[in-house]
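Protein chains in written order, with my numbering: chain A, 11 to 107; chain B, 20 to 321; chain C, 5 to 396; chain D, 504 to 690. Just below is one structure, and these are the notes that go with it.
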Amino acid sequence: MGKKYEIEYKDYRDLPLSPIAKGTTLVFKTGGWRTMRPIIDLEKCKKCGICWKYCPDVSILIVDDYPKVDLEYCKGCGICANECPFDAIVMVEEESQ
Amino acid sequence: MKTTIPEQELMDKGHMACLGCGGALAMRYLLKALGKNSMFAIPACCWAVIPGVFPYSCMEVPLQYVAFEATGAAISGMEAALKAKGKKEGVTVVGWAGDGGTLDIGIQALSGAVERGHDVKYVCYDNEAYMNTGIQRSSATPKGAWTTTTPVGKTKFWKQTNKKNIVEIMVAHDIPYTCTASVAYPEDLIKKAEKMKDIKGPCYMHIYAPCPTGWKYPPEKTIELSRLATETCIFPIYEVTYGKYKLNKNIRDEKKKPVIDYLKTQGRFRNLDEETVQSLQMYVDNEWNKLKKKIECFGEDK
Amino acid sequence: MKMVLSGNASAAYGSMLARAEVISAYPITPQTKIVEKIADLIASGEFKTEFVKVESEHSAMAAAISASLVGARTFTATSSQGLMLMHEVLHWASASRTPIVMVNINRAVAPPWSVWADQTDSIAQRDTGWMQFYCESCQEVLDTMLLLYKVAEDKDVMMPAMLSEDAFLLSHTSEIVDIPEQEEVDDFLGKFEPEMILDVENPMSFGSLSMPHQYYYEFRYKMAEAMEVAREKILEVEKEFEKRFGRSYGGLLDLYRCDDAEIVLVAAGSMSSTIRVAVDEMRDKGVNIGLARLRVFRPFPVDEFRKLAKNARIVAVLDRSFCFGYEGAFFTEVKSALYDMDVRPLVKGYVLGIGGRDVTLDVIHEVIEDCQKTKETKDEPFKWIGLKGGEE
Amino acid sequence: MGLLEIRWHGRGGQGVVTASELIAEAAILEGNFIQAFPEFGPERMGAPIKAFTRVSDEPIKIHSQVYTPDIVMVLDPTLIGQVNVTDGLSDEGILMVNTPMSAEEVKKVLGFNGKIYAVNATKIAMDNIGRPVANTSCAGALVKVSKLVELDNLLKVTEEKFGEKLPEKAIIANKEAIKAAYEEVSV
Numbered sequence: 011m012g013k014k015y016e017i018e019y020k021d022y023r024d025l026p027l028s029p030i031a032k033g034t035t036l037v038f039k040t041g042g043w044r045t046m047r048p049i050i051d052l053e054k055c056k057k058c059g060i061c062w063k064y065c066p067d068v069s070i071l072i073v074d075d076y077p078k079v080d081l082e083y084c085k086g087c088g089i090c091a092n093e094c095p096f097d098a099i100v101m102v103e104e105e106s107q
Numbered sequence: 020m021k022t023t024i025p026e027q028e029l030m031d032k033g034h035m036a037c038l039g040c041g042g043a044l045a046m047r048y049l050l051k052a053l054g055k056n057s058m059f060a061i062p063a064c065c066w067a068v069i070p071g072v073f074p075y076s077c078m079e080v081p082l083q084y085v086a087f088e089a090t091g092a093a094i095s096g097m098e099a100a101l102k103a104k105g106k107k108e109g110v111t112v113v114g115w116a117g118d119g120g121t122l123d124i125g126i127q128a129l130s131g132a133v134e135r136g137h138d139v140k141y142v143c144y145d146n147e148a149y150m151n152t153g154i155q156r157s158s159a160t161p162k163g164a165w166t167t168t169t170p171v172g173k174t175k176f177w178k179q180t181n182k183k184n185i186v187e188i189m190v191a192h193d194i195p196y197t198c199t200a201s202v203a204y205p206e207d208l209i210k211k212a213e214k215m216k217d218i219k220g221p222c223y224m225h226i227y228a229p230c231p232t233g234w235k236y237p238p239e240k241t242i243e244l245s246r247l248a249t250e251t252c253i254f255p256i257y258e259v260t261y262g263k264y265k266l267n268k269n270i271r272d273e274k275k276k277p278v279i280d281y282l283k284t285q286g287r288f289r290n291l292d293e294e295t296v297q298s299l300q301m302y303v304d305n306e307w308n309k310l311k312k313k314i315e316c317f318g319e320d321k
Numbered sequence: 005m006k007m008v009l010s011g012n013a014s015a016a017y018g019s020m021l022a023r024a025e026v027i028s029a030y031p032i033t034p035q036t037k038i039v040e041k042i043a044d045l046i047a048s049g050e051f052k053t054e055f056v057k058v059e060s061e062h063s064a065m066a067a068a069i070s071a072s073l074v075g076a077r078t079f080t081a082t083s084s085q086g087l088m089l090m091h092e093v094l095h096w097a098s099a100s101r102t103p104i105v106m107v108n109i110n111r112a113v114a115p116p117w118s119v120w121a122d123q124t125d126s127i128a129q130r131d132t133g134w135m136q137f138y139c140e141s142c143q144e145v146l147d148t149m150l151l152l153y154k155v156a157e158d159k160d161v162m163m164p165a166m167l168s169e170d171a172f173l174l175s176h177t178s179e180i181v182d183i184p185e186q187e188e189v190d191d192f193l194g195k196f197e198p199e200m201i202l203d204v205e206n207p208m209s210f211g212s213l214s215m216p217h218q219y220y221y222e223f224r225y226k227m228a229e230a231m232e233v234a235r236e237k238i239l240e241v242e243k244e245f246e247k248r249f250g251r252s253y254g255g256l257l258d259l260y261r262c263d264d265a266e267i268v269l270v271a272a273g274s275m276s277s278t279i280r281v282a283v284d285e286m287r288d289k290g291v292n293i294g295l296a297r298l299r300v301f302r303p304f305p306v307d308e309f310r311k312l313a314k315n316a317r318i319v320a321v322l323d324r325s326f327c328f329g330y331e332g333a334f335f336t337e338v339k340s341a342l343y344d345m346d347v348r349p350l351v352k353g354y355v356l357g358i359g360g361r362d363v364t365l366d367v368i369h370e371v372i373e374d375c376q377k378t379k380e381t382k383d384e385p386f387k388w389i390g391l392k393g394g395e396e
Numbered sequence: 504m505g506l507l508e509i510r511w512h513g514r515g516g517q518g519v520v521t522a523s524e525l526i527a528e529a530a531i532l533e534g535n536f537i538q539a540f541p542e543f544g545p546e547r548m549g550a551p552i553k554a555f556t557r558v559s560d561e562p563i564k565i566h567s568q569v570y571t572p573d574i575v576m577v578l579d580p581t582l583i584g585q586v587n588v589t590d591g592l593s594d595e596g597i598l599m600v601n602t603p604m605s606a607e608e609v610k611k612v613l614g615f616n617g618k619i620y621a622v623n624a625t626k627i628a629m630d631n632i633g634r635p636v637a638n639t640s641c642a643g644a645l646v647k648v649s650k651l652v653e654l655d656n657l658l659k660v661t662e663e664k665f666g667e668k669l670p671e672k673a674i675i676a677n678k679e680a681i682k683a684a685y686e687e688v689s690v
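This is how it looks when you write it as structure tokens:
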């Protein structure tokens, strides 16, 4: 069925009977929480998938076999960098806007 | 990419878990294993908040939030209703609760649910304190740990007693399957979850799920620290299938790391004195030896 | 078919006639005969239901809520301490909009231990968002259960309902009960088909967090609104019930010989029927007196009371419970309902029957005599009837 | 007929409540309204207990305990002297006792001035059922004395009520006991 994006109830009459959530959290761009940003060195990457496996925020995408950080959602915990056996990921400070 | 981990993601991005949350990883793995034909009950715990505020949820499976102590009863009711409606076949009913909701306030309902033999899977993600309310001690908090209700200042007011052994309590219920798992070993966790899914009857899984916020360690260390917990034998990875014990991560004596290696990674153990560290080491050794004896006596191949 | 059934057995038969799909319950005196009878009906093959024999009343209600959210018609029964233990999840049931029907045997709350009639247990659940009905006969218990499912499951109501009957006085008293035909009940009730259920085909999260600026406030308003709808539905469904089954019970406030009554006694539960006898006796003596039986406590029959109060000189409210630090709950609520009337009757409060102290005809006559003596026109404090050492 | 109230005395486990229900159910067959209820509270095996039957030709509204019974039936002779079985019973009332004693002897012991009927229901039960379960015999005797219902109706409800619980043989034995008690008690 798939879930809905952006739902707003302007009138109480439109609300379901009880707080039954139909929407997806994809509307929350948690990338904004990040202070440290993972940078992947694709030259060092051996495509083992460990970074994908250990990401609590489901924010490592696999594109053409290689990992890619989904910066819209990555909170910057650094597990990927810590667990990479090939030191292919480094954490750098987010630049202030 | 070489991995046995299912690609499907049933936990959406954008959830509200802290950076490096072990509990979020645990859920991600469990959902991968159980698939979309599962139905959850979640009591008060971090996971009452992680899925997000109404009208949004990161869960791509049906979920009901329940009262703190009610998880066991809620999954019993779900299972009974699915049976009454002829919809139980192929659907996995899951109770997902933290350590407080399992070892403390929810233990009665959990005990009742598994004793009645409902076809339900109860999964406890253990972060060793009431984290959602701001790090108060639970019966899963290990001896020596700082929490906001076992503060450490001039006095050594840390948690005075050892962690309650819920896994053996569940084994004593004589249910088909009880196991431990860790976010450090997702392949093992997923294999066990798949096994639970196939077993008809009550199953219990206890997942080690570190909390950087409450344990006072940097978020990138979640997996490293989880691995250490098993390598020091503080959190052994094993399963009990129809009464038969099996160790899934054997730690050979020469590879067994001292408890202090684990303790020093976390701020919550920062002020421990030598005496307590030693008593913890003795406790862990004793529990580990007991477990090895059980495997010797009641192992799968015996 | 006519059978001799206790109030407890009537409740069990009610759950079977309503085809409750999931029953979760925990035994407590004097409710035990309900769960035993249900177990017997299942064992004899008459009743097909999932009976979850939970390990506590808290779990009984929690399991019922979850089962209801999966789309099953649910039933549970309890009493006294059990209802107290359920308190938290009673709120959960109403806010989850699960139309659970529960029978509560009105029993005193400990200490001291007492298993006898007293309405404190259900009165203490006043604000949980449950409809509350009080019955006075075994037939009414059975009939009201069917009515409650129909009202509770109405798509504009979707609120849980509690049926209370007095410990022993009704729970253990066997009377003649007419059991309607199953097909007629099926036709009357229909199936429980909620719009939103826990379903793997349509994953949704039930009971999500809501911030102060978001929707919590609105969800509570919707519950308030649903209770107002229930007020009308109860009358509507009772009319339909009467048409089909030939019995009715007077709506929210059941009036007996009140038309020209100068004195009106207000009471709930089994003592109401004893009051009917007293009213008849007094009427024979030429006293203009009537009974207003509080059949429904939530939603509260405000308009009914106001209409009634237009003609009465004295409204005497009998409470089988007490709110410490104030007075009997019914007394408070009746006064509150009448407060802004231009001309109000004198409202008097009587506390009696607490802890199962028998409410006999003599006790009722004592209340009536006290009312007759009253000349005052302003509200008087309440009285504890029959208190040892209490008489002046 | 108006409202008739019966109080039954016995001990937990002797089928006192069942006896109170049998009379009530038989009365329904004759178009009456009834109530049957045990003494309010937890029942304990061996402890003295009471049960009540109300019968009326009009709907029974009253919901309170029975204080002034018209008939008292004592199922267990050992209760005499232990429990005040004549409590609330006026001289117009009827006292029935299961006892090997004569009515005169009972009168002497209790000093009750109303009508007293004695029936050795335990012996009847032993002779017919083979066990000292006197509840059905007492019901049979009560029917004879009170003329509340026809004997046939008591036998009919006994068969219905025990139909699911007891084997055929036991039901026949109970019916025989009822008949024997009915014959034995002299009015």
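No residue lacks a Cβ here, since even glycine has one placed at the ideal position from N, Cα and C.
Quick one: which chain C residues come within Cβ less than 9 Å of I30 (chain A)?
On the first sequence, residue 30 (chain A) is found 20 positions in, with the first residue counted as 1. From the beta-carbon of I30 (chain A), the residues of chain C found nearer than 9 Å are M200, M208, S209, F210, G211 and S212.
Suppose you measure from the CA of D160 (chain C) to the CA of A230 (chain C); what does that come to, to the nearest Å?
Within the third sequence, residue 160 (chain C) is the residue found at index 156, counting from 1. Within the third sequence, residue 230 (chain C) is the residue found at index 226, counting from 1. Per the coordinates, the alpha-carbon of D160 (chain C) lies some 6 Å from the alpha-carbon of A230 (chain C).
Helix, strand or coil for N292 (chain C)? Go by DSSP, reduced to three states.
Taking the first residue of the third sequence as position 1, residue 292 (chain C) is located at position 288. DSSP places N292 (chain C) in coil when its eight states are reduced to three.
Can A66 (chain C) and A99 (chain B) be called in contact, C-beta distance under 8 Å?
The count along the third sequence starts at 1 and reaches residue 66 (chain C) at position 62. The count along the second sequence starts at 1 and reaches residue 99 (chain B) at position 80. No. Outside cutoff.
Span of the alpha helix (DSSP H) around E2 (chain C):
Coverage of chain C is limited to positions 5 through 396, which leaves residue 2 (chain C) absent and any answer about it impossible.
Any 3 or more C-beta pairs closer than 8 Å across the region 28–47 of chain B and the region 71–82 of chain B:
Touching, per the Cβ criterion.
Simplified DSSP assignment, three categories, for H225 (chain B):
The sequence position of residue 225 (chain B) within the second sequence is 206, counting from 1. Strand, per DSSP.
What residue from D:Y685, D:Q585, D:P562 and D:I531 has the CA that sits closest to Y620 (chain D)'s CA?
Along the fourth sequence, one-based indexing puts residue 620 (chain D) at 117. Per the Cα distances, D:Y685.
Cα-Cα, which of D:W511, D:V575 and D:N656 is closest to D594 (chain D)?
As a working mapping, residue 594 (chain D) is identified with position 91 in the fourth sequence. Residue D:V575 is the option with its Cα nearest to D594 (chain D).
So if I threshold CB-CB distances at 9 Å, which residues from the region 59–80 of chain C count as touching chain B?
Within the region 59–80 of chain C, the residues whose Cβ lies closer than 9 Å to some Cβ of chain B are E59, S60, H62, S63, A64, M65, A66, A67, A68, I69, S70, A71, S72, L73, V74, G75, A76, R77 and T78, listed in chain order.
Would you tell me roughly how many angstroms separate the C-alpha atoms of F38 (chain A) and M46 (chain B), rounded to the nearest one?
The count along the first sequence starts at 1 and reaches residue 38 (chain A) at position 28. The count along the second sequence starts at 1 and reaches residue 46 (chain B) at position 27. About 19 Å.
What would DSSP say about D125 (chain C), mapped onto helix, strand or coil?
The residue you call residue 125 (chain C) lines up with position 121 of the third sequence. Helix at D125 (chain C).
How about L282 (chain B): is its C-beta nearer than 8 Å to some C-beta of chain C?
Walking along the second sequence from the start, residue 282 (chain B) turns up at place 263. No, L282 (chain B) lies away from the interface with chain C (no Cβ there is under 8 Å from its Cβ).
Measuring only the C-alpha atoms, how far is A98 (chain A) from Y83 (chain A)?
Indexing the first sequence from 1 puts residue 98 (chain A) at position 88. Indexing the first sequence from 1 puts residue 83 (chain A) at position 73. Cα-Cα distance, rounded: 20 Å.
Distance check for L151 (chain C) and V646 (chain D), CA to CA, integer angstroms please.
Reading the fourth sequence from its first residue, position 143 is the one you call residue 646 (chain D). Reading the third sequence from its first residue, position 147 is the one you call residue 151 (chain C). Their Cα atoms are separated by approximately 40 Å.
Give a yes or no on whether the C-beta atoms belonging to R261 (chain C) and Y138 (chain C) are separated by under 8 Å.
As a working note, residue 261 (chain C) is residue 257 in the third sequence. As a working note, residue 138 (chain C) is residue 134 in the third sequence. Against a cut-off of 8 Å, the Cβ pair of Y138 (chain C) and R261 (chain C) comes out as no contact.
May I have the straight-line CA-CA distance separating D332 (chain C) from G254 (chain C), to the nearest angstrom?
The sequence position of residue 332 (chain C) within the third sequence is 328, counting from 1. The sequence position of residue 254 (chain C) within the third sequence is 250, counting from 1. Per the sequence shown, residue 332 (chain C) should be read as Gly rather than Asp. Going from the Cα of G332 (chain C) to the Cα of G254 (chain C) covers about 24 Å.
Sub-8 Å separation of P48 (chain A) and A36 (chain B) beta-carbons:
Position 38 of the first sequence, counted from the first residue, corresponds to residue 48 (chain A). Position 17 of the second sequence, counted from the first residue, corresponds to residue 36 (chain B). Cβ atoms of P48 (chain A) and A36 (chain B): not closer than 8 Å.
Let me see if you follow: with CB-CB separation under 8 Å, is M11 (chain A) close to chain B or not?
What you label residue 11 (chain A) is simply residue 1 of the first sequence in a count that begins at 1. Reliability fails at M11 (chain A), whose pLDDT of 46 lies under 50, so the model's placement of it is uncertain and the value that follows must be treated cautiously. For M11 (chain A), the answer is no, since every Cβ of chain B falls outside 8 Å of its Cβ.
Taking all protein chains shown into account, do 16 or more other C-beta atoms lie within 10 angstroms of the C-beta of D655 (chain D), making it buried, or fewer, making it exposed?
Walking along the fourth sequence from the start, residue 655 (chain D) turns up at place 152. That one is exposed.
Could you tell me which residues DSSP pairs with P77 (chain A) in its beta bridges?
As a working mapping, residue 77 (chain A) is identified with position 67 in the first sequence. Note: P77 (chain A) sits in a beta bridge opposite A:I72.
Give me the Cα-Cα distance between V557 (chain D) and P572 (chain D), rounded to the nearest whole angstrom.
Counting from one through the fourth sequence, the residue named residue 557 (chain D) turns up at place 54. Counting from one through the fourth sequence, the residue named residue 572 (chain D) turns up at place 69. One point to set straight first is that residue 557 (chain D) is Arg, not Val, in the sequence displayed. Those two C-alpha atoms are separated by around 9 Å.
Extent of the continuous beta strand (DSSP E) run through E385 (chain B)
No statement about residue 385 (chain B) is possible, as the shown extent of chain B runs from 20 to 321 and does not include it.
Are L356 (chain C) and L322 (chain C) touching if we call contact CB-CB under 8 Å?
Here the question's residue 356 (chain C) lines up with position 352 in the third sequence. Here the question's residue 322 (chain C) lines up with position 318 in the third sequence. Closer than 8 Å, so yes.
Spell out the partners DSSP gives N110 (chain C) in its beta bridges.
Here residue 110 (chain C) refers to the residue found at position 106 when the third sequence is read from its first residue. N110 (chain C) is bridged to C:D170.
Excluding the 5 residues preceding and the 5 following E40 (chain C) in the sequence, name in chain order all residues of the same chain whose CB lies nearer than 7 Å to its CB.
Against the third sequence, residue 40 (chain C) aligns to sequence position 36. Here the set comprises nothing.
Assign E273 (chain B) to buried or exposed, taking buried as 16 or more other Cβ atoms, counted over all protein chains shown, within 10 Å of its Cβ.
Taking the second sequence and counting its residues from 1, one reaches residue 273 (chain B) at position 254. Looking at its Cβ environment, which holds fewer than 16 other Cβ atoms inside 10 Å, E273 (chain B) is exposed.
For L174 (chain C) and V145 (chain C), what's the separation of their Cα atoms in angstroms?
Along the third sequence, one-based indexing puts residue 174 (chain C) at 170. Along the third sequence, one-based indexing puts residue 145 (chain C) at 141. If you take the alpha carbons of L174 (chain C) and V145 (chain C), they lie about 9 Å apart.
Three or more C-beta pairs closer than 8 Å, one from the region 262–275 of chain C and one from the region 164–182 of chain C: is that the case here?
yes
Contact residues within the region 595–620 of chain D, judged by C-beta distance below 8 Å to chain C:
none
DSSP three-state call for Y15 (chain A): helix, strand or coil?
To locate residue 15 (chain A), count along the first sequence from 1; it is residue 5. Three-state DSSP puts Y15 (chain A) in coil, outside helix and strand.
Could you give the distance in angstroms between the alpha-carbon of K226 (chain C) and the alpha-carbon of E370 (chain C)?
Your numbering for residue 226 (chain C) matches position 222 in the third sequence. Your numbering for residue 370 (chain C) matches position 366 in the third sequence. Looking at the two C-alpha atoms, the distance is approximately 44 Å.
Let me confirm a value: E205 (chain C) is counted as buried when at least 16 other C-beta atoms fall within 10 Å, else exposed. Which label applies?
Numbered from 1 along the third sequence, position 201 holds the residue referred to as residue 205 (chain C). Its Cβ having fewer than 16 others within 10 Å, E205 (chain C) is exposed.
What does the Cβ neighbour count give for G614 (chain D), buried or exposed, with the cut at 16 atoms within 10 Å?
By one-based count along the fourth sequence, residue 614 (chain D) stands at place 111. When all chains shown are included, G614 (chain D) counts as exposed.
Quick check: the region 628–639 of chain D against the region 505–520 of chain D, are there 3 or more CB pairs under 8 Å?
yes
In terms of residue numbering, what span does the beta strand (DSSP E) encompassing F55 (chain C) cover?
What you label residue 55 (chain C) is simply residue 51 of the third sequence in a count that begins at 1. Its beta strand (DSSP E) spans residues E54 to V56.
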